[in-house]
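Written out below as structure tokens is the structure these notes cover.
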Amino acid sequence: MNLSTGEIDIEPLDDALFRKYIGGVGIAAKFIHDETTPETGPLSPENVLASFTGPFTGTRIPSSSRNHVVALSPQTGIFGEANVGGSWGVQLKRSGFDGVVITGKSATPVYLWISDEKVELRDASPIWGQDAFDAAEWLRGETDKRATAAVIGQAGENQVRYASIPHVGKIVRSAGRTGMGAVMGSKNLKAMVAYGTMPLLLADEDALNASVKSLVPHVRDATDDFRRYGTSGGVEKYEYIGNFPIKNWQGSRWKEGAEKISGVRMHDTILTGNKSCRGCVISCVRHVKIEEGPYAGLDTDGPEYETIGTLGGECLVDDLDAICKANELCNRYGLDTISTGAAIAFGMEAYEKGLITKEDTEGLELVWGNAEAMVEMVHRIAKGENVGKLLGLGTKKAAEVLGRNAIEFSVQVKGLEPSAHDPRRFWTQALSYATAARGACHNRSWGHPYELGLSLPELGLDKPQKSYELEGLAEYVAKLQNFQTLNDTLVICRFAQVGSAVSLAKTVEWYNMITGFDLSVEELVVVGERIFNLKRMFNVRLGISRKDDFLPPRFMTLNRKDKELNTQLPPIGEMLGDFYEYRGWDEIGIPTEEKLAELELSELNA
């Protein structure tokens with residue numbers, strides 16, 4: 270889809286491309302690699318936005334109603350990606366399409382309507398300026414009441430660098446990270462709306478459905494805590510073991526605060542029910558209703574663990590109602606809650622140090638624990654008002670604007686603020702934060718559950734990686750990265766791994782039932798490794814190397830002195846040497862010609 274010309278091309282997915290990259294992040298990454306250059310600007314018409322489903326999307330496989338969004342990131346300037354659940358991916362797949370690729374810029378606001386092999390570009394002027402919820406309601410009225418809208422709010426329109434793409438259907442799930450909503454806004458693309466009724470073409474649907482049905486009870490049993498407390502059920506546990514972000518990553522203990530904003534407290538006070546992404550049996554989505562106080566009447570999807578960690582712990586805000594309100598605003602405006610919370614925490618520390626003044630905030634007391642100020646800053650960031658415009662750049666760029674050593678407390682890697690897991694507690698996350706293509710991301714390896722007991726015996730990871738040990742760490746993280754990249758290609762949610770509910774062997778079995786192929790575990794996992802290296806080469810083309818595979822000063826110098834925690838600063842230099850060697854990369858972190866040839870990626874060296 271070229272928005273500059275209005276031209277729409279419907280093309281079959283090349284069989285060789287499918288076999289090599291499968292779908293999801295794989296094919297999306299290949300498109301943006303081939304269709305952009307080092308000179309492409311993230312907010313220019315030439316940037317490419319690709320959103321792809323995978324072969325699992327739309328099937329009865331639990332946790333598979335997802336799609337993966339990729340573009341050059343306006344937040345980091347490098348490879349950007351966001352994975353999202355809900356129902357949009359299923360609607361796209363049942364419309365007869367595997368993915369959407371967008372380039373160019375429309376002269377006026379538009380939206381894309383996709384249904385049963387038909388694609389239309391329509392006028393979105395009536396909803397430009399509306400939040401994602403109101404816009405989605407209008408869009409369903411114009412298209413189909415059963416449709417799902419991938420729709421930006423005002424933050425995306427204003428090109429806040431970490432604007433998200435809310436996917437609004439019966440529930441709201443967001444393609445949250447790396448500013449994909451800002452890319453849509455830069456193209457005057459308000460929404461992509463999909464509804465489909467077409468059957469999927471599966472090689473052996475009966476065998477697949479029988480296999481899935483036999484496993485569903487195990488998935489339900491393994492994920493019972495997620496169903497009861499959601500992801501936020503981890504707040505108190507992670508605070509206890511030193512994995513929860515406190516005061517812009519300065520704190521070590523915050524027991525009473527964590528208790529006040531935990532999933533257990535939510536369950537016991539404001540939770541009205543749980544929901545699920547389409548076809549998922551885990552049902553981890555919270556729904557809350559606030560009956561009293563300043564946010565009385567709020568009736569909305571509840572915050573996830575990461576949201577509570579950043580808008581709560583990082584800002585020292587122990588008001589659960591305020592966090593729920595801020596979460597709802599982020600969903601309406603279309604803001605990544607992780608980077609939003611991190612930016613506000615950075616702003617609070619800058620305010621404390623005198624780098625941001627009361628004059629800059631127009632009288633707002635941007636101090637630790639001020640729940641009202643935290644909520645107000647969400648408004649200001651989305652609208653680009655006073656200091657909100659600065660913080661809307663992300664903490665790295667905001668620190669560069671402020672100067673005066675602000676970069677020392679800008680907690681980010683490659684411009685992306687970390688999710689709510691501390692690399693001083695889990696060294697698998699330390700190495701993953703440093704080497705993930707999009708920046709500080711826990712999902713690229715999802716190492717912490719494996720340090721805590723999950724296993725992956727098909728790849729030789731039958732025992733947890735020992736905490737604070739370098740031996741075996743590089744291999745452990747690299748194998749997890751390849752595996753999780755494969756999952757983002759198929760596409761399936763991380764939570765299917767909880768309790769080892771869905772094994773890698775079962776994943777391969779299902780893939781073969783869907784496609785009619787007969788691939789082994791090793792053959793399928795190498796696709797994940799290929800795509801991980803493709804993403805690395807995309808960044809290498811933009812100048813990324815060992816110098817960028819760092820951890821921020823706060824993670825390298827601030828050892829929280831708490832005997833109970835016993836966390837240790839990660840020796841990232843030693844980690845990288847071992848990691849590059851295992852990966853087949855050179856000493857500055859660039860994949861060697863031999864490794865690229867092994868992965869059938871030699872053309873990337875041209």
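Sequential numbering of the sequence shown, starting at 270, is according to my numbering. No residue lacks a Cβ here, since even glycine has one placed at the ideal position from N, Cα and C.
Option in 838, 400, 819, 822 with minimal Cα separation from residue 876:
Summary: the structure shown does not reach residue 876, with the chain confined to residues 270 through 875, and so no result is reported for it.
Looking only at its chain, what residues have a beta carbon closer than 6 Å to the beta carbon of residue 660, apart from the 5 residues adjacent to it on each side?
Numbered from its first residue, the sequence shown carries residue 660 at position 391. The answer, listed in chain order, is 612, 616, 650, 667.
One or two residues paired with residue 434 in a DSSP bridge
Here residue 434 is taken as the residue at index 165 of the sequence shown, counted from 1. In DSSP, residue 434 forms a bridge with 444.
Contacting residues, own chain, Cβ-Cβ under 8 Å from residue 538 (five flanking each side not counted)
Within the sequence shown, the letter at position 269 stands for residue 538. 589.
Please state whether the Cβ-Cβ distance between residue 585 and residue 526 is less than 8 Å.
For this step, residue 585 is matched to residue 316 along the sequence shown. For this step, residue 526 is matched to residue 257 along the sequence shown. Yes.
What's the C-alpha gap between residue 820 and residue 682?
Here the question's residue 820 lines up with position 551 in the sequence shown. Here the question's residue 682 lines up with position 413 in the sequence shown. If I take the Cα positions, the gap works out to 6 Å.
Between the region 382–394 and the region 309–319, are three or more C-beta pairs nearer than 8 Å?
no
Pair within 8 Å by beta-carbon distance, residue 469 and residue 327
The residue labelled residue 469 in the question sits at position 200 within the sequence shown. The residue labelled residue 327 in the question sits at position 58 within the sequence shown. In this structure, residue 327 lies closer than 8 Å to residue 469 by Cβ.
Answer with buried or exposed for residue 804, where buried requires no fewer than 16 other C-beta atoms within 10 angstroms of its C-beta.
On the sequence shown, residue 804 is found 535 positions in, with the first residue counted as 1. Result: buried.
Decide if residue 791 is buried, meaning its Cβ has at least 16 other Cβ atoms within 10 Å, or exposed.
By one-based count along the sequence shown, residue 791 stands at place 522. With fewer than 16 other Cβ atoms from the protein chains shown falling within 10 Å of its own Cβ, residue 791 counts as exposed.
What's the C-alpha gap between residue 374 and residue 292?
For this step, residue 374 is matched to residue 105 along the sequence shown. For this step, residue 292 is matched to residue 23 along the sequence shown. One C-alpha to the other measures close to 25 Å.
Continuous alpha helix (DSSP H) assignments of at least 4 residues falling wholly in the region 664–718
664–671, 696–704
How is residue 792 classed by DSSP in three states: helix, strand or coil?
Indexing the sequence shown from 1 puts residue 792 at position 523. The answer is helix: DSSP assigns residue 792 an H, G or I state.
What residues match up with residue 320 in a beta bridge as DSSP calls it?
Numbered from its first residue, the sequence shown carries residue 320 at position 51. For residue 320, which the question treats as bridged, DSSP gives the partners 338, 369.
Determine the extent of the beta strand (DSSP E) in which residue 449 is found, giving its start and end residues.
Within the sequence shown, the letter at position 180 stands for residue 449. Residue 449 -> not in any beta strand (DSSP E); alpha helix (DSSP H) instead, spanning 449–455.
DSSP three-state assignment for residue 472, whether helix, strand or coil:
Residue mapping note: residue 472 aligns to position 203 of the sequence shown, counting from 1. Of the three classes helix, strand and coil, the one that applies to residue 472 here is coil, per DSSP.
Output needed for residue 338: all residues of its chain with C-beta closer than 6 Å, excluding positions within five of it in sequence on either side, in chain order.
For this step, residue 338 is matched to residue 69 along the sequence shown. Closer than 6 Å at Cβ, skipping near neighbours: 320, 351, 444, 449.
Counting contacts by CB-CB distance shorter than 8 Å, is residue 504 in contact with chain B?
Absent from the structure: chain B. Only one protein chain is present.
According to DSSP, simplified to helix, strand and coil, what is residue 583?
By 1-based counting over the sequence shown, the position of residue 583 is 314. If DSSP states are grouped into helix, strand and coil, residue 583 belongs with coil.
Only counting the same chain, and skipping five residues up and downstream in sequence, which positions put a Cβ closer than 8 Å to that of residue 753?
On the sequence shown, position 484 is the one that residue 753 refers to. The answer, listed in chain order, is 712, 713, 714, 715, 763, 797.
Look at the alpha carbon of residue 630 and the alpha carbon of residue 614, and state the distance between them as a whole number of angstroms.
Within the sequence shown, residue 630 is the residue found at index 361, counting from 1. Within the sequence shown, residue 614 is the residue found at index 345, counting from 1. Approximately 14 Å between the Cα atoms of the pair.
Does DSSP put residue 781 in a helix, in a strand, or in coil?
Here the question's residue 781 lines up with position 512 in the sequence shown. Helix, per DSSP.
In its own chain, which residues sit with a C-beta less than 6 Å from the C-beta of residue 591, not counting the 5 before and 5 after it?
As a working note, residue 591 is residue 322 in the sequence shown. Excluding sequence neighbours, residue 591 sits near 640, 644.
Looking only at C-alpha atoms, which of 530, 428, 467, 489 sits nearest to residue 770?
As a first step, residue 770 is located in the sequence shown; it is residue number 501 there, counting from the start. Looking at the Cα atoms, 489 is the closest of the given residues.
Per DSSP, residue 391 is paired with what?
Numbered from its first residue, the sequence shown carries residue 391 at position 122. Bridge partners of residue 391: 380.
Going by CA-CA distance only, name the one from 688, 417, 512 that's closest to residue 383.
Locating residue 383 in the sequence shown gives position 114, where the first residue counts as 1. Per the Cα distances, 417.
Please return the same chain residues whose Cβ sits closer than 8 Å to the Cβ of residue 477, not counting the five positions on each side in sequence.
Here the question's residue 477 lines up with position 208 in the sequence shown. Answer for residue 477: 328, 329, 330, 471, 779, 782, 783, listed in chain order.
Once DSSP output is grouped into helix, strand and coil, what is the label at residue 854?
The residue given as residue 854 occupies position 585 in the sequence shown. Three-state DSSP puts residue 854 in a strand.
For residue 345 and residue 708, believed in contact at Cβ under 8 Å, the rounded distance
Reading the sequence shown from its first residue, position 439 is the one you call residue 708. Reading the sequence shown from its first residue, position 76 is the one you call residue 345. Taking C-beta atoms under 8 Å as the contact rule, residue 708 and residue 345 qualify, at a distance of about 6 Å.
Limits of the unbroken alpha helix (DSSP H) element including residue 408
The residue labelled residue 408 in the question sits at position 139 within the sequence shown. First-last of the alpha helix (DSSP H) with residue 408: 401–411.
Should residue 573 and residue 531 be called a contact, given that it needs their Cβ atoms to be closer than 8 Å?
Here residue 573 refers to the residue found at position 304 when the sequence shown is read from its first residue. Here residue 531 refers to the residue found at position 262 when the sequence shown is read from its first residue. Taking C-beta atoms as the reference points, residue 573 and residue 531 fail to come closer than 8 Å.
Buried or exposed, going by whether 16 or more other CB atoms sit within 10 Å of the CB of residue 871?
Your numbering for residue 871 matches position 602 in the sequence shown. Classification of residue 871: exposed, given that the 10 Å Cβ count is below 16.
Can you give me the C-alpha to C-alpha distance between residue 863 and residue 855, rounded to a whole angstrom?
On the sequence shown, position 594 is the one that residue 863 refers to. On the sequence shown, position 586 is the one that residue 855 refers to. The straight-line gap from Cα to Cα measures roughly 11 Å.
Starting from the N-terminal side, write out each stretch of the alpha helix (DSSP H) that is 4 residues or longer and does not extend beyond the region 601–661.
Taken in chain order, the whole alpha helix (DSSP H) runs of length 4 or more contained in the region 601–661 are 606–621, 640–652, 656–660.
So, using beta-carbon positions, are residue 734 and residue 741 closer together than 8 Å?
The residue labelled residue 734 in the question sits at position 465 within the sequence shown. The residue labelled residue 741 in the question sits at position 472 within the sequence shown. Yes, Cβ-Cβ distance for residue 734 and residue 741 is below 8 Å.
Assigned exposure category for residue 412 - 16 Cβ within 10 Å defines buried
Start at 1 with the first residue of the sequence shown, and residue 412 comes out as number 143. So residue 412 counts as buried.
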